[in-house]
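Residue numbers in the sequence shown follow the numbering used here, run continuously in steps of one, and reach 581 at the last position.
C-beta: ideal position from N, C-alpha, C; glycine also.
Below: the structure, in structure tokens.
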Amino acid sequence: MLNEFVYCPRLFFYEHVEAVFVHNRETVEGTIIHARVDGGNGKLAAAEELAPDDVIHARSVTLSSDRVGLIAKMDLIEVADGTVTPVDYKRGKPFVKADGTLDVWDTDRVQMTAQAIVLRDNGYSCSEAVLYYSATKQRVRIEIDDAAVEWAIEKLRAARETAAAGVIPPPLVDSPKCPKCSLVGICLPDETRAIWTASHEAKQAQRTMFGELNIIEAPLADELQEREVRQLLPARDDLRPLYLNTQGLRVGKSGYLLKVQEKDRVVEEVRINEVCQVSLFGNIQITTQAVQALCEMEVPIAYFSMGGWFYGLTQGLGVRNVSLRRHQFRLADSPTFCLRIARSLVAGKIRNQRTLLQRNHVEPPASAIGQMKWAIEEAERAESIPELLGIEGNAARIYFANFPGMIKADDEPWSESQGKPVLSFDFTVRNRRPPRDPVNAMLSLAYSVLAKDLTIVCQAVGFDPFIGCYHQPRYGRAPLALDLMEPFRPLIADSAVLTAINTKMVQPSDFVQAGQSVAMTPGGRKAFFRAYEQRMDTLVTHPIFGYRVNYRRMLEIQARLLARVVTGELNTYPVFTTR
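This is how it looks when you write it as structure tokens:
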């Protein structure tokens, strides 16, 4: 605890107040290095039982101090000449002073001083501690004097005050510590500070020019583009989703593998630690052992109907911190806050729809482009949610009226094949429940899968996906996931549908019709999932931060930025848009 607080108070808050922890290379290597000492029996004779000539090496010893309220788990205790010396194993290198002598890092110093305090409070004589740095295979000895003890107690007091305050500390400024931190993708230090600084400076400028009563929410794109934001998180996640849509499959577990079987034949084996989510479509069975293993690894299982209707999720306990949800519930009852976020989301959605038309339409209609530009301005000025719904609906009507101009299929509208009509990609109007043509069937499936992805993201961040700002609570759907989904509908779902059609990944023969309803075949869904995941894996430049990540990573970034707004850390939510 003290180690993390000295390293970064924000890291301490995440790990010890919000109970958030993520492994990275450094933490995994540290776990491996500690494997031997963690296997100790933890036995250490009481202080009064130690003889002056005892020589003891006790591993994985846990002691506590009621006086200062500390618990310490010590890697190794060396006992010699009646004194005890705590030894801790570190994966890195020691600190090198300007004169070339070796020293320990402040994070290690506070940890070892805390261990010495606990040992002393249990009656042991302890005057020094040892750090063993695995990278250089060197032992560095430090003295535990009164100044070190006083400093450690002060850090303990500050850590407790930080935890009790319930307000997350600000991120470090351009710190070299951030790239090595396992929580950098959750913390978003440069992004958070850049948005906060730009927003603060913009409001200060408005106060100077117009006074306190004329402050408006100004766009931050220009201010933020002038600031360098380091890309501290990887562009892609190595984990991949698993889609299963062949009816009759059975998912089981064998060791660390998921085994997918069709009757008695194994059709696929997947390592559990390489999967980020499992999606089951229709009548697919999964064993209790597989469910337990996936829950333990925090891998969500999503359930869909055969037609792609998103039923729900099974997952582990997930984020245990409730602070974000308390803020979320409180602000959900604030019409002003909800309208502010809804304006940004709807304006961003229309802007992205307009961009998609400009990029992909054979001949972008000037009137439609102009009307959508006007709709963006109207959305940013809307005075109520109902007004915003009307603006969004009108923009959607214009957008889908011109959607056929982005479809470049060359199939015949209707032909006879073996006595059955073959459907075509002839789109005229958006319809659903049920979709009545292949394009609408794919759009509905794409929106369902995207809603699933954002529901998972909301829960991973700590939100309750069933309390939103724009979409109102309704049984059977996740309003916050649908809120966050709005700007990404054209960029991910619609784009995946267009790619699947225009590159012939999906053919008219991949659809079946029953009455007026049209659905995809299992083979068609499989082909569409490839198109969808290709789109999710596409690298895109963030319009504000300037770095490139894939869309799956972008969904998480945007959700975490909204969490900053909800908790009050940021004032402005920067909606993701493309040009």
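By DSSP, does E80 sit in helix, in strand, or in coil? strand
Check whether the stretch 506 to 524 touches the stretch 486 to 494, taking contact to mean three or more Cβ pairs, one atom from each stretch, closer than 8 Å. no
Length at least 3, wholly inside the stretch 493 to 528: the beta strand (DSSP E) runs in chain order: 513 to 516 and 519 to 522
Same chain, Cβ closer than 8 Å to L104, neighbours up to 5 away in sequence not counted: P96, F97, V98, Q140 and V142
Please determine, among N362, K528, A237 and P337, the residue with the shortest C-alpha to C-alpha distance to E558. A237
With DSSP collapsed to three states, give me the class of C278. Strand.
With G395 as the anchor, note down where its alpha helix (DSSP H) starts and where it stops. I387 to A403
Taking DSSP as the reference, what is the three-state secondary structure of K45? coil
By a C-beta neighbour count over all protein chains shown, 10 Å radius and 16 as the cutoff for buried, is K454 buried or exposed? buried
Using beta-carbon positions only, say whether I393 and A384 come within less than 8 Å of one another. yes
Helix, strand or coil: how does DSSP classify T194 here? Looking at T194 - three-state DSSP - the assignment turns out to be helix.
To the nearest angstrom, report how far apart L260 and I34 are at their CA atoms. 25 Å
If I'm right that G464 touches L326 with Cβ under 8 Å, what's the distance once you round it to whole angstroms? 4 Å
Exposed or buried, what is R581 when buried is set at 16 or more other beta-carbons lying within 10 Å of its beta-carbon? exposed
M211, buried or exposed, once every other Cβ within 10 Å from all chains shown has been counted against 16: Model confidence at M211 stands at a pLDDT of 48, short of 50, so the residue's coordinates are unreliable; what they give is reported in the following sentence. So M211 counts as exposed.
Could you give the first and the last residue of the continuous beta strand (DSSP E) run that contains Q117? Run containing Q117: none in the beta strand (DSSP E); it sits in the alpha helix (DSSP H), D108 to D123.
Considering only residues of the stretch 449 to 487, which uninterrupted alpha helix (DSSP H) runs meet the minimum length of 4 residues and lie entirely inside it, listed in chain order? Note on the stretch 449 to 487: whole alpha helix (DSSP H) runs with a minimum of 4 residues are 481 to 487, in chain order.
For E130, I'd like the list of residues in its chain whose CB is within less than 7 Å of its CB, leaving aside the five on either flank, ordered along the chain. If we look at E130 and ignore the five residues flanking it on each side, its Cβ neighbours are T87, R143, I144, E145 and I146.
Cβ neighbours of M538 in the same chain (closer than 7 Å, five flanking residues each side left out): I494, N552, Y553 and R554
C-alpha distance - Y449 paired with V175, whole-angstrom precision: 39 Å
Can you check the stretch 112 to 188 for any alpha helix (DSSP H) of at least 4 residues that lies completely inside it and give the ranges in chain order? You should have 148 to 167.
Could you give the residue range of the beta strand (DSSP E) that holds A60? I58 to S67 is the extent of the beta strand (DSSP E) around A60.
Using only CA atoms, which one of G94, K75, I155 and C460 lies nearest to V8? I155
Start and end of the beta strand (DSSP E) containing R242? R242 to L246
Does DSSP put Y9 in a helix, a strand or coil? Here Y9 sits in helix by DSSP.
Inter-stretch contact at 8 Å, needing at least 3 Cβ pairs: the stretch 566 to 576 / the stretch 330 to 350: yes
Going by DSSP, which residues form a beta bridge with L251? Answer is E264, bridged to L251.
Determine whether the beta carbon atoms of Y135 and K179 lie at a separation below 8 Å. no
Is there at least one non-hydrogen atom of the ligand GDP closer than 7 Å to the beta-carbon of A149? Because no ligand of any kind appears in the structure shown, any question about the ligand GDP cannot be addressed here.
Measuring CB atoms only, is the stretch 358 to 378 touching the stretch 467 to 485, in the sense that at least three cross pairs come out at less than 8 Å? no
Pair within 8 Å by beta-carbon distance, T289 and G254: yes
Tell whether a beta-carbon distance below 8 Å holds between T595 and P171. Outside the displayed range of the chain (3 to 581) lies residue 595, so it cannot be described from this structure.
Could you check what DSSP says for F306 in three-state terms: helix, strand or coil? Of the three classes helix, strand and coil, the one that applies to F306 here is strand, per DSSP.
Q330, DSSP secondary structure in three states: helix
Do you know whose CA, among A116, G84 and K45, lies nearest A74's CA? A116
What did DSSP end up calling P337 once you bin it into helix, strand or coil? Of the three classes helix, strand and coil, the one that applies to P337 here is helix, per DSSP.
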